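**Student:** Respectively, the protein sequence lines represent chains A and B.
Residue numbers for the first sequence, in the working numbering: 341 to 720.
Residue numbers for the second sequence, in the working numbering: 161 to 717.
Here a beta-carbon is modelled for each residue, glycine too, at the ideal position from N, C-alpha and C.
The structure presented is a predicted model; accordingly, all values stated were derived computationally and were not measured.
Okay, handing you the structure first.
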Amino acid sequence: MVLAYHPVGRTLWSPGFWAAFLGCGLLLAAAIPAINLWMPPNSAVALPDYVIPLLGKYLCYALLALSLDLIWGYAGILSLGQGAFFALGGYCMGMYLMRQIGTRGVYGNPLLPDFMVFLTWQKLPWFWWGFDHFAWAAAMVILVPGLLALVFGWLAFRSRVTGVYLSIITQAMTYALMLAFFRNDMGFGGNNGMTDYKDILGWDVHQPVTRLSLYLAAVAALGLGYLLCRYITSSKLGRVLLALRDAESRVRFLGYSVTNAKLFVFTVSAVLAGVAGALYVPQVGIINPSEFSPGNSIEIAIWVSVGGRGTLSGAIVGALLVNAAKTWLTGAAPETWLFVLGAMFVATTLVFPRGIVGLLRQARWTRLRAPAPVAAGEQA
Amino acid sequence: MPNPANLSLSPRKWAEREIGWVQVHLAWLAVISLILLAAVFPARADEFATLVSALGADSFVEKAQAITALGKLGDGRAVAVLTALNDGRLLKAPDGRVMVSDATKLIDPLTGADVPELKADALDRIRVNNRLRGIIEGALGGLTLFSADPAARLGAARDALRYPSADEAALLEKAIAAEKDSEIRAAMEQSLAAARLVSGAKRERLAAARTLGTTTDPQIKNLLAEVRAAPDTDPEVRQAADTALASINNRLWLVGLAANLFQGISLGSILLLAAIGLAITFGVMGVINMAHGEMIMLGAYAAYVCQQFFRAFLPPGWIDAYLVVAVPVAFLFAATVGVVLERSVIRFLYGRPLETLLATWGVSLILQQAVRSIFGSPNKEVSNPSWMTGGFDLIGGFTITRNRIVIILFCFVVLGVLALILNRTRFGLQMRAVTQNRPMASVMGIRTARVDALTFGLGSGIAGMAGVALSQVGNVSPNLGTIYIVDSFLVVVFGGVGNLMGTLVGALSLGIVNKFLEPVAGAILGKIVVLVAIILFIQGRPRGLFALRGRTAEAGG
């Protein structure tokens, strides 16, 4: 089933695309900080400081949605454990931020984070080694989710675990990780997780300028992630992915290595999710095991569906819209949020399987393909 | 009531008369016979009388000696005396006689009879200090073995295990001679063996170790280990202790095995109930129903509503029947919701399993929030009817609770009925036909849409009944379904879809493996191990343990 109308060939990297991309980039990276910094707080378009980390959080979610769309929309892999990669990236960053606290914790222990002092541990576990250094933490943000996805994906795709079976075992994976991270003696802070951060790279995380920088980093990551996904999906590999999504056996019989193609894209997607998690943690100021909950991972799928799966911009639009709606509704009428979210799941699958961006594209294609303007007008 | 002490009194009086009447050499005979009699009759009334009057002594040291001696005497009457002394109700008459004051009257501790001629306010209270209270408590502990209350005797016999000593052994021997209840005597003999193991002669110790080898009590295990480890233990005794320890460990291991097996089957039957419905809908329709857990939750709330209805509107004697009514109510309610869900959402999504998964997840969120809005978030309590409460104690502190047995039976009844429906009814035949080859079944005139709706209703209804069962072992809350949904999916995936046998084997093996891992690895780590094992298992058999073979197997993906 054709889910979306994909731009092909030269139009993909056309000047029109670059203009739109840079326009969006400027809006996010220049206009919003400018409004935040220079608009007087009482003017109509002012952005108070607290909005910046909120927007940054949405952008991290958008990158996460992008990572899911890459495997679900293009390769037909519905991972219900995408949140696990996000949380692992977040934990790597959280560990770095914990080490930056130093002696400023409640117990003032120079060697151990507070929760380990509380558990009367004597020395730092081996897997905390190196997290004093940002470079190590940054490498782990990429390596840990990437390696987990590589191993998990290799096991799964090699034995041709597909469709709902794959969805269920990815869900089992994130569930198992959640249970593991809830344990205090895992050495990751148990159910409280890690919080109370002070510095990142020597900058106070509570300062508006640091928050603005983190927001800009999220913008940059999202932009680069988008270009990467667009590059992958428009390459020859991208064609193979689309083909195997629609007829996996046929692609295999044609001589392509379905396992390798899936494995590559699954790993890239996990790394993107990990980076999103790493940028998310310093902006929200906490990471805890509930990020691993299966419900969170399924919710990512709804962001993608609402925006339009199989369209990269759709994933971003969906994540931003759904999360903005969530923030607004859980504040205004908390008990209605689950009804709305549930209705979104049902509606996007039943009524709008193409999502917002998919619908817009379909409308444009219908208009372009119409034989004559008169006929187009009649159709409308 | 005849006092047994009088019987032992008369031979002594007879002996006294002998001394007065006959020559001196006959007195020797009398002394010997007295000693023999004293050994034969455990409760020596003269000594009891002497000791009781000694309680009235002025010196605390003498009192303490008398209390200790009373404790060792093993005379049941001493319990009342010592209790009275401890409570300050033991009085001393000017003539030296000691009386127990019992609220309104005075009682002679020797005979147990009223003493109407004395007045309580004319008597002195016998004083005790804290040191004496401690001694009294110790003495009473041993004496409870002679209490008139069988439960107290049993408790004392078991308590005696804790402080095995030669004194205890002597007391226990007396108590065993007087004991008529076989259960209490067995407990006393166990404690006696423990006491002898610690304090007896070598032959006694060996015999005691053999006796103790037939028990399962962890305290005895510790005791044997202590004896074994003590440096001055005789090598033969040590060997006997080793044998006894090995035999205890063996028995404990077997009990632990049985306990784990039972708990595993119990958990497995709950998983099975939760997963059967899922297996049907998944197997027949290829539909992943994420709202399945919410069907379970709805069933549990149906049980709650039934219970509240019975409490509010029906005679109190009927309350035990609510569960019987709740089962069909929950089935019908969940089945109705299931059919509505199938007709309104799922039928538009056939052949798109991932979309079905998301849509049903949305439905599950809506159902959860709806229940939360109606009943509130806090847990609801659904109580066991009286015929499901309680349980049976087995050896080694392992209890089988009745509600779990009922659930296991219920689960197998459901499974049996379902197997009959699938294999013996027209509907079952149609269902299997649709499972195996939908287009061909349709060509043969089976109304596949109707079969789908009914199948989904059946699966949801069974989930509802599972909810009733779950309400009997845990709390009922809007999140009930989410707790079981991942587990039920794993059961289905593990067992293979569309196959009741696979679901049965999957559920029971997951339940049992979980319970066997729990003591080794802890509950959470055990669960993680199971999850990882299943993820790895799927690699080897991507379609489950009992995969369908043939064309349908490929088409399902």
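Against B/Glu515, what residues of chain A qualify as contacts under a CB-to-CB distance less than 8 Å, listed in chain order?
**Tutor:** Translated into the one-based positions of the second sequence, residue 515 of chain B becomes position 355. Simply Thr689 and Pro693.
**Student:** Can you grab the Cα-Cα spacing for the pair A/Leu594 / A/Pro693, in whole Å?
**Tutor:** Against the first sequence, residue 594 of chain A aligns to sequence position 254. Against the first sequence, residue 693 of chain A aligns to sequence position 353. About 29 Å.
**Student:** In the structure shown, what three-state DSSP assignment does B/Gly453 receive?
**Tutor:** Reading the second sequence from its first residue, position 293 is the one you call residue 453 of chain B. Three-state DSSP puts B/Gly453 in a helix.
**Student:** Anything in the region 654-680 of chain A with a Cβ closer than 7 Å to a Cβ of chain B? List those residues in chain order, please.
**Tutor:** The region 654-680 of chain A vs chain B, Cβ under 7 Å: Glu675, Leu678 and Phe679.
**Student:** Given a limit of 7 Å on CB to CB distance, which residues of the region 529-562 of chain B reach chain A?
**Tutor:** The residues in question are Gln529 and Ser533.
**Student:** Just to confirm my understanding: we take A/Thr599, look at its own chain, exclude 5 residues before and 5 after, and list those with CB closer than 7 Å. What are they?
**Tutor:** Taking the first sequence and counting its residues from 1, the one referred to as residue 599 of chain A is at position 259. Taken in chain order, the residues that qualify are Phe497 and Arg498.
**Student:** Any contact of the region 304-318 of chain B with the region 275-287 of chain B, i.e. 3+ C-beta pairs under 8 Å?
**Tutor:** No, they do not touch.
**Student:** So with Cβ pairs under 7 Å, would you call A/Leu367 a contact of chain B?
**Tutor:** Within the first sequence, the letter at position 27 stands for residue 367 of chain A. Chain B contact via Cβ: absent.
**Student:** For B/Ile695 and chain A, any beta-carbon pair shorter than 7 Å?
**Tutor:** As a working note, residue 695 of chain B is residue 535 in the second sequence. So yes, B/Ile695 belongs to the interface.
**Student:** Indicate whether the contact test is met: 3 or more Cβ pairs, each with one atom in the region 298-305 of chain B and one in the region 229-245 of chain B, closer than 8 Å.
**Tutor:** Counting Cβ pairs under 8 Å, three or more are found: they touch.
**Student:** Run the CB neighbour count on A/His473, radius 10 Å, all protein chains shown included, and call it buried at 16 or more, exposed below.
**Tutor:** In the first sequence, counting from the first residue as 1, residue 473 of chain A sits at position 133. The residue in question, A/His473, is exposed, as its Cβ has fewer than 16 Cβ neighbours within 10 Å.
**Student:** Assuming B/Val636 and B/Asn539 make a contact with CB atoms under 8 Å, what is their CB distance in whole Å?
**Tutor:** Taking the second sequence and counting its residues from 1, one reaches residue 636 of chain B at position 476. Taking the second sequence and counting its residues from 1, one reaches residue 539 of chain B at position 379. The Cβ separation is near 6 Å, so the contact holds.
**Student:** Which residues in chain A sit within 7 Å of B/Trp521, going by Cβ to Cβ distance?
**Tutor:** For the purposes of this step, residue 521 of chain B is taken as the residue at position 361 of the second sequence. Simply Ile638 and Phe685.
**Student:** Check whether the Cβ atoms of A/Leu420 and A/Thr510 sit closer than 7 Å, and answer yes or no.
**Tutor:** The residue given as residue 420 of chain A occupies position 80 in the first sequence. The residue given as residue 510 of chain A occupies position 170 in the first sequence. Cβ atoms of A/Leu420 and A/Thr510: closer than 7 Å.
**Student:** Whole angstroms is fine: what's the gap from B/Glu328's alpha carbon to B/Gln468's?
**Tutor:** As a first step, residue 328 of chain B must be located in the second sequence, where it is residue number 168. As a first step, residue 468 of chain B must be located in the second sequence, where it is residue number 308. Approximately 55 Å, taken between the alpha carbons.
**Student:** Output, in sequence order along the chain, the residues in the region 499-517 of chain A whose CB is closer than 7 Å to any CB in chain B.
**Tutor:** Per Cβ criterion, the list reads Ser499, Arg500, Val501, Thr502, Gly503, Val504, Tyr505, Ser507, Ile508, Ile509, Gln511, Ala512, Met513, Tyr515 and Ala516.
**Student:** For B/Gly655, which option in B/Met625, B/Leu677, B/Ile694 and B/Arg356 has the closest C-alpha, if you only look at C-alpha atoms?
**Tutor:** Taking the first residue of the second sequence as 1, we reach residue 655 of chain B at position 495. Out of B/Met625, B/Leu677, B/Ile694 and B/Arg356, B/Ile694 has the C-alpha closest to the C-alpha of B/Gly655.
**Student:** Going by CA-CA distance only, name the one from B/Leu283, B/Leu292, B/Val275 and B/Ala335 that's closest to B/Ser307.
**Tutor:** As a working mapping, residue 307 of chain B is identified with position 147 in the second sequence. The residue with the shortest Cα to Cα distance from B/Ser307 is B/Ala335.
**Student:** Just mark A/Arg707 as buried or exposed, buried being the case when its beta carbon has 16 or more other beta carbons within 10 Å.
**Tutor:** Within the first sequence, the letter at position 367 stands for residue 707 of chain A. So A/Arg707 counts as exposed.
**Student:** According to the Cβ coordinates, are A/Tyr724 and A/Val580 closer than 7 Å?
**Tutor:** For residue 724 of chain A there is no data in the structure shown, the boundaries of chain A being 341 and 720.
**Student:** DSSP on A/Asp525, reduced to helix/strand/coil?
**Tutor:** What you label residue 525 of chain A is simply residue 185 of the first sequence in a count that begins at 1. Of the three classes helix, strand and coil, the one that applies to A/Asp525 here is helix, per DSSP.
**Student:** Would a check of beta-carbon distances place B/Phe654 closer than 7 Å to chain A?
**Tutor:** Position 494 of the second sequence holds residue 654 of chain B. Not closer than 7 Å to any Cβ of chain A, the Cβ of B/Phe654 fails to qualify, so no.
**Student:** Would you say A/Ala736 and A/Phe361 are within 7 Å of each other, going by their C-beta atoms?
**Tutor:** Since the first residue shown for chain A is 341 and the last is 720, residue 736 of chain A is missing from the structure and cannot be characterised.
**Student:** How would you label A/Gln602, buried or exposed, when you count the other beta carbons within 10 angstroms and need 16 or more for buried?
**Tutor:** For the purposes of this step, residue 602 of chain A is identified with residue 262 of the first sequence, where counting begins at 1. A quick correction: the sequence has Lys, not Gln, at residue 602 of chain A. Buried, by the Cβ-count rule.
**Student:** Quick check for students: name the residue ranges of the alpha helix (DSSP H) that lie wholly in the region 417-467 of chain A, counting only runs of 4 or more.
**Tutor:** For the region 417-467 of chain A, whole alpha helix (DSSP H) runs of length 4 or above, ordered along the chain, are 422-441 and 454-458.
**Student:** State yes or no: is the beta carbon of B/Lys687 nearer than 7 Å to at least one beta carbon in chain A?
**Tutor:** Here the question's residue 687 of chain B lines up with position 527 in the second sequence. Interface residue, yes.
**Student:** Between B/Ser602 and the rest of its own chain, which residues show a CB-CB distance below 6 Å, the 5 nearest in sequence each way excluded?
**Tutor:** Translated into the one-based positions of the second sequence, residue 602 of chain B becomes position 442. Same-chain partners within the cutoff: Thr608.
**Student:** Whose C-beta lies closer than 6 Å to the C-beta of B/Ala671 among residues of the same chain, with five residues either side of it excluded?
**Tutor:** Position 511 of the second sequence, counted from the start, is the residue given in the question as residue 671 of chain B. The residue asked about is misnamed: residue 671 of chain B is Gly in this sequence, not Ala. The answer, listed in chain order, is Gly424, Leu427, Gly428 and Leu431.
**Student:** If we require 4 or more residues per run, which alpha helix (DSSP H) segments fall completely within the region 614-650 of chain A?
**Tutor:** Qualifying alpha helix (DSSP H) stretches, in chain order: 634-647.
**Student:** Pick helix, strand or coil for B/Met445, following the three-state DSSP scheme.
**Tutor:** Residue mapping note: residue 445 of chain B aligns to position 285 of the second sequence, counting from 1. Helix, per DSSP.
**Student:** Check whether the Cβ atoms of B/Met259 and B/Leu251 lie closer than 7 Å to each other.
**Tutor:** For the purposes of this step, residue 259 of chain B is taken as the residue at position 99 of the second sequence. For the purposes of this step, residue 251 of chain B is taken as the residue at position 91 of the second sequence. Contact: yes.
**Student:** First and last residue of the alpha helix (DSSP H) that includes B/Ile695?
**Tutor:** For this step, residue 695 of chain B is matched to residue 535 along the second sequence. Where B/Ile695 is concerned, the enclosing alpha helix (DSSP H) stretches over Ala683 to Gly700.
**Student:** At a Cβ threshold of 7 Å, is B/Val447 touching chain A?
**Tutor:** Taking the first residue of the second sequence as position 1, residue 447 of chain B is located at position 287. No, because no Cβ of chain A sits closer than 7 Å to the Cβ of B/Val447.
**Student:** Taking 7 Å as the CB-CB limit, is B/Ile565 close to chain A?
**Tutor:** Taking the first residue of the second sequence as 1, we reach residue 565 of chain B at position 405. No - not a single Cβ of chain A is within 7 Å of the one on B/Ile565.
**Student:** Look at B/Ile456 and B/Ala434 and say whether their C-beta atoms are less than 7 Å apart.
**Tutor:** Working through the second sequence from its first residue, we reach residue 456 of chain B at position 296. Working through the second sequence from its first residue, we reach residue 434 of chain B at position 274. It is a contact, given that the beta carbons lie within the stated cut-off.
**Student:** Under 7 Å between C-beta atoms, does B/Leu733 make it to chain A?
**Tutor:** The shown model of chain B, from 161 to 717, leaves out residue 733 of chain B, and the question about it has no answer.
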